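As structure tokens, the structure follows; a few thoughts come after it.
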Amino acid sequence: MITVKNLTKTYGEKRALNNISFEILQGEICGYIGPNGAGKSTTVKILNGILKPDSGEVTISGADAIEQAHKIRPSIGYVPETGAIFEALTPKEYLLFAGRLHGMKDEIIHERTNHLLKYFGLTAAANQIMVSYSKGMKQKVVIATSLLHTPDVYFFDEPLDGLDAHGTLLFKELLKNLAIRGKTILYCSHLLDIVEKICHRMIVLRGGSIVAHGNIADLRRLTKQQTLEEAFSILTESENVEEKTITLLDNLASIAA
């Protein structure tokens with residue numbers, strides 16, 4: 019379970035998070051959505067103990083995630099927005115390195131690694147250094163690393179970046195079954211159609227503040243819109259993309275070649 023109370027973070031004069039509070043229950047997939055710069059990645063980095071907030075409290079699985087970050091790390095799986103890996107290693111070597119950092123025994127790491135690479139279709143390339151991997155293959159390794167130590171809490175920040183259709187399907191099924199097994203998941207994404215399909219509830223962030231939360235039916239009622247995309251546009255005061263696109267194309271067409 020994740021509890022956030024009055025979280026605030028500033029960068030110089032910019033307030034990235036403005037006194038936000040929320041709770042995510044065990045077995046829940048919570049979508050954390052908002053436009054670029056809304057504060058999503060800042061929140062996730064604080065929850066993972068990577069950044070310290072200016073003020074506020076974060077509790078994960080009963081432990082203080084700010085003052086006792088070392089205690090919560092074994093219970094967290096994290097896929098960052100930019101999932102860098104050591105490309106000079108093979109996926110087997112990389113997962114061995116990650117598992118040892120978690121204090122896992124080598125035989126358990128090897129066994130779980132074989133299952134993970136098989137699931138993501140990487141067995142045939144398991145002994146290739148990852149500099150030759152495609153972006154999607156690297157992303158699968160990053161996701162596999164978050165699963166290796168079987169944590170109770172997951173933070174996924176744009177995890178589908180680079181994945182093909184089959185990889186996306188696997189990941190969606192993975193999230194569903196992690197939740198069924200009682201895992202707690204915070205899922206950040208710009209892909210609203212995916213969020214709508216897999217998340218039990220959503221938190222909408224704008225300018226570092228929470229502007230709405232609830233399931234899709236709640237957001238529809240709040241905004242009087244039919245789709246999550248339309249509700250998101252209202253809640254985040256996004257521009258009218260249809261109007262903007264038509265204006266652009268009309269302007270281009272009006273200029274003589």
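Just so we're on the same page, my numbering is the position in the sequence shown counted from 1, plus 18. Ideal Cβ positions, reconstructed from N, Cα and C, are used throughout, including at glycine. Being a predicted model, the structure only gives us computed values, none of them experimental.
Quiz item: According to DSSP, what are the bridge partners of L209?
Solution: Note: L209 sits in no beta bridge, so no partner.
Practice problem: Run through the stretch 100-169 for me and flag every whole alpha helix (DSSP H) of 4 or more residues, listed as ranges in chain order. | Solution: Counting only runs of at least 4 residues, the stretch 100-169 fully encloses the following alpha helix (DSSP H) elements, listed from N- to C-terminal order: 109-119, 124-137 and 153-165.
Quiz item: Can you tell me the Cα-Cα spacing of R199 and E261, whole angstroms?
Solution: So the alpha carbons of these two residues sit roughly 44 Å apart.
Quiz prompt | the stretch 108-127 touching the stretch 140-154, judged by at least three CB pairs closer than 8 Å | solution = Of all C-beta pairs linking the stretch 108-127 to the stretch 140-154, three or more are shorter than 8 Å, placing the two stretches in contact.
Practice problem: Measure the Cβ-Cβ separation of E248 and T254 and say whether it is below 9 Å. | Solution: No. Outside cutoff.
Quiz prompt | Cβ contact check for the stretch 20-33 and the stretch 176-191: 3 or more pairs under 8 Å | solution = No: the two stretches stay apart, fewer than three of their Cβ pairs being nearer than 8 Å.
Quiz item: Just checking, does the stretch 85-100 make contact with the stretch 156-169 on the three C-beta pairs under 8 Å criterion?
Solution: With a cut-off of 8 Å, the stretch 156-169 and the stretch 85-100 count as touching, because enough Cβ pairs lie within range.
Quiz item: Where does the unbroken beta strand (DSSP E) through A34 begin, and where does it stop?
Solution: Segment K32 to I42, the beta strand (DSSP E) holding A34.
Self-check item: Length at least 3, wholly inside the stretch 171-225: the beta strand (DSSP E) runs in chain order
Solution: DSSP runs (the beta strand (DSSP E)) wholly in the stretch 171-225: 171-175, 202-206 and 219-224.
Quiz item: Apart from the five residues on each side of it in sequence, which residues of its chain come closer than 8 Å, Cβ to Cβ, to E75?
Solution: The beta carbon of E75 sits closer than 8 Å to the beta carbons of T21, V22, K23, N24, L25, D82 and I84 from its chain, once the five residues preceding and following it are set aside; these are given in chain order.
Practice problem: Quick one: using the 10 Å Cβ neighbour count with 16 as the cut-off for buried, is N269 buried or exposed? | Solution: It is exposed - the Cβ of N269 has fewer than 16 other Cβ atoms within 10 Å.
Quiz item: In angstroms, rounded to a whole number, what distance separates the CA positions of F40 and G55?
Solution: Cα atoms of F40 and G55: separation of roughly 19 Å, rounded to the nearest angstrom.
Practice problem: For H133, count neighbouring C-beta atoms within 10 Å of its own C-beta (all shown protein chains included) and say buried if the count is 16 or more, exposed if not. | Solution: Under the 10 Å beta carbon count, H133 is surrounded by fewer than 16 other beta carbons and is classified as exposed.
Quiz prompt | Alpha-carbon to alpha-carbon, A271 and N77 | solution = At residue 77 the sequence reads Thr, which differs from the Asn that was named. Whole-angstrom Cα-Cα distance: 55 Å.
Quiz item: So, is G57 buried or exposed, given that buried needs 16 or more other C-beta atoms within 10 angstroms?
Solution: Its Cβ being crowded by 16 or more others within 10 Å, G57 is buried.
Quiz item: Closest to L209 by CA distance: which of Q44, Y172, G49 and T202 is it?
Solution: For the residues Q44, Y172, G49 and T202, the minimum Cα distance to L209 belongs to G49.
Practice problem: Could you spell out the range, first to last residue, of the alpha helix (DSSP H) harbouring L65? | Solution: That run of the alpha helix (DSSP H) goes K58 to L65.
Quiz prompt | Environment of H280 [buried if 16+ CB atoms lie within 10 Å] | solution = No answer is possible for residue 280: the residues shown for the chain start at 19 and end at 275.
Quiz item: When you compare only the Cα positions, how much space is there between F173 and I228?
Solution: Answer to the nearest angstrom: the Cα atoms are 18 Å apart.
Quiz item: Hey, how far is the Cα of S150 from the Cα of L223?
Solution: It is roughly 37 Å from the alpha-carbon of S150 to the alpha-carbon of L223.
Exercise. Buried or exposed for N195, please, with buried defined as at least 16 other CB atoms from any protein chain shown within 10 angstroms of its CB.
Key: By the neighbour-count rule (16 or more Cβ atoms within 10 Å), N195 is not buried but exposed.
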